[in-house]
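Please read the structure below before turning to the comments.
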Amino acid sequence: LICVGETLEEREAGETLEVLQIDTLSTLAALEPDRKIIIAYEPVWAIGTGLTATPEDAETAISYIRDQVRELWGDIADSVRILYGGSVRADNIAELMRCANIDGALIGGASLNPMSFWQIIVNGSIHD
């Protein structure tokens with residue numbers, strides 16, 4: 002599991018895609034191409050803060066990450082799972098899972114409460 006994401010300062014400076022490119026390419030360049038690798042876009046500014054990327058921002062970031070994987074590994078990029086992590090909760094999971102490029106979620110603090118975690122699973126499964 003590889004986590005990539007920008008800080009609040011990088012986000013506010015409009016450097017999100019640049020950070021994702023550097024993090025993704027530098028990490029994957031050190032690895033053999035592998036369909037089993039999982040990447041999580043986890044904006045640092047969203048970890049444990051209650052803030053989350055908008056579905057549109059998450060979709061843009063994850064699509065860009067997939068493009069970077071494709072640049073290095075070609076068609077393997079279509080098989081690599083890319084998740085969203087960063088204050089995923091029961092009240093935002095369905096909207097995130099509606100995004101075409103988001104393959105799943107990396108659950109952090111919300112996983113510590115069994116009922117909260119269960120509600121994320123339920124809500125994340127009903128996104129059509």
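Quick note on our numbering: the sequence shown kicks off at 2 and runs consecutively. Beta carbons: idealized from backbone N, C-alpha and C, even for Gly. Keep in mind that this is a model prediction, so the values were computed, not measured.
**OP:** For the segment 10-60, list the beta strand (DSSP E) runs that are entirely contained and at least 3 residues long, ordered along the chain.
**Re:** 39-42
Original post:
Nearest to LEU26 by alpha carbon, out of GLY109, GLU72 and ASP79?
Top reply: GLU72
**OP:** Let me know if MET98 comes out buried or exposed under the rule of 16 or more other beta-carbons within 10 Å of its beta-carbon.
**Re:** buried
Subject >> Integer Cβ distance of PRO56 from GLY87, believed to fall under 8 angstroms >> reply: Not really, about 12 angstroms apart at Cβ, beyond 8 angstroms.
**OP:** Answer yes or no: the CB of ASP76 versus the heavy atoms of the ligand FAD, is any distance below 8 angstroms?
**Re:** Judged by which ligands are present, the structure shown has none, so any question about the ligand FAD falls away.
**OP:** My understanding is that ASP104 touches ARG82, with C-beta atoms under 8 angstroms, so please give their C-beta distance in whole angstroms.
**Re:** In this structure ASP104 is in contact with ARG82, their Cβ atoms being roughly 4 angstroms apart against a cut-off of 8 angstroms.
Subject >> ASP76 versus ILE3: straight-line alpha-carbon distance, rounded >> reply: 19 angstroms
**OP:** Give the DSSP-derived three-state secondary structure of GLY86 in the structure shown.
**Re:** strand
Original post:
Buried or exposed: where does GLU19 fall if 16 or more other Cβ atoms within 10 Å of its Cβ makes it buried?
Top reply: exposed
Original post:
I think ASN124 touches ILE94, with their Cβ atoms under 8 angstroms apart; what is that distance to the nearest whole Å?
Top reply: At roughly 5 angstroms, the Cβ-Cβ gap stays under 8 angstroms, so ASN124 and ILE94 are in contact.
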